[in-house]
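The block underneath contains the structure these notes are about, expressed in structure tokens.
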Amino acid sequence: ILNVEQSPQSLHVQEGDSTNFTCSFPSSNFYALHWYRWETAKSPEALFVMTLNGDEKKKGRISATLNTKEGYSYLYIKGSQPEDSATYLCAFPRYSGGGADGLTFGKGTHLIIQP
Amino acid sequence: NAGVTQTPKFQVLKTGQSMTLQCAQDMNHEYMSWYRQDPGMGLRLIHYSVGAGITDQGEVPNGYNVSRSTTEDFPLRLLSAAPSQTSVYFCASSPGTPRTGELFFGEGSRLTVL
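Here it is as structure tokens:
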């Protein structure tokens with residue numbers, strides 16, 4: 023059974039400040055690491071799918087890094103805005119020994135941006 | 004763009020009743036899956052399918068049945084509802100597999116079993 027751990031569980035940040043949070047995952051049998059953004063009353067939306075050690079991806083003010091050898095990924099938000107308030111999920115493909123299976127999700131980091 | 008469509012959005016059942024949650028996608032994705040979301044827990048995989056006629060169990064399959072007769076549709080059946088199945092259910096599809104491609108989620112179906 024895989025464990026995907028996210029920290030912190032929740033985070034309050036002042037508007038305009040930058041922030042980051044962590045996803046830890048098993049470093050063996052690595053295939054990919056997913057990040058999703060989940061706004062209240064909506065469905066999760068993909069931010070990044072990262073596959074290479076040392077990979078860094080960016081979408082607007084949000085970026086992510088990946089370290090597969092030590093089993094962690096950081097998500098950074100620069101200059102937080104109220105619309106960044108959401109739960110950020112990371113997920114790791116379930117190892118089934120065969121082909122496609124699904125994702126094991128962390129419990130998420132709940133980010134609240136205070137004006 | 005419809006994307007992934009789930010129906011119903013809300014449903015209340017009595018213990019022992021059966022029902023089907025519908026999921027349809029118009030993106031021609033081969034991979035489809037069902038997850039449940041419970042308080043204090045991450046999304047958990049119930050069943051998945053890699054194409055029409057092919058389904059398999061995920062992490063928490065007991066009490067649920069699936070079939071995949073077309074690429075577009077992946078219904079989830081509750082055979083005899085139990086209070087433990089009270090949850091929010093999400094259908095998700097992918098152009099690849101979870102090892103290569105992102106998931107596209109439906110808006111969720113909130114189920115309450117009394």
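Protein chains in written order, with this note's numbering: chain A, 23 to 137; chain B, 4 to 117. Glycine is no exception: its CB is placed at the ideal position from the N, C-alpha and C atoms.
Secondary structure at A/E27: strand, using DSSP grouped into helix, strand and coil. Between A/P115 and A/Y58, the CB-CB gap reaches or exceeds 7 Å. In this structure the segment 88-97 of chain A touches the segment 73-80 of chain A; the number of beta carbon pairs closer than 8 Å is three or more.
Contact note: A/Y53 reaches chain B through R102, using a C-beta cutoff of 7 Å and chain order.
Distance from the Cα of B/Y34 is smallest, within the candidate group B/S83, B/C26, B/E62, for B/C26. For A/E105, no beta strand (DSSP E) encloses it, and the DSSP letter there is neither H nor E. Residue-level contact check: A/S65 touches chain B, since one or more beta carbons of chain B fall below 7 Å from its beta carbon. Residue-level contact by beta carbon fails for A/P104 and chain B, as no gap is shorter than 7 Å. Judged by DSSP in its simplified three-state form, B/S87 adopts helix.
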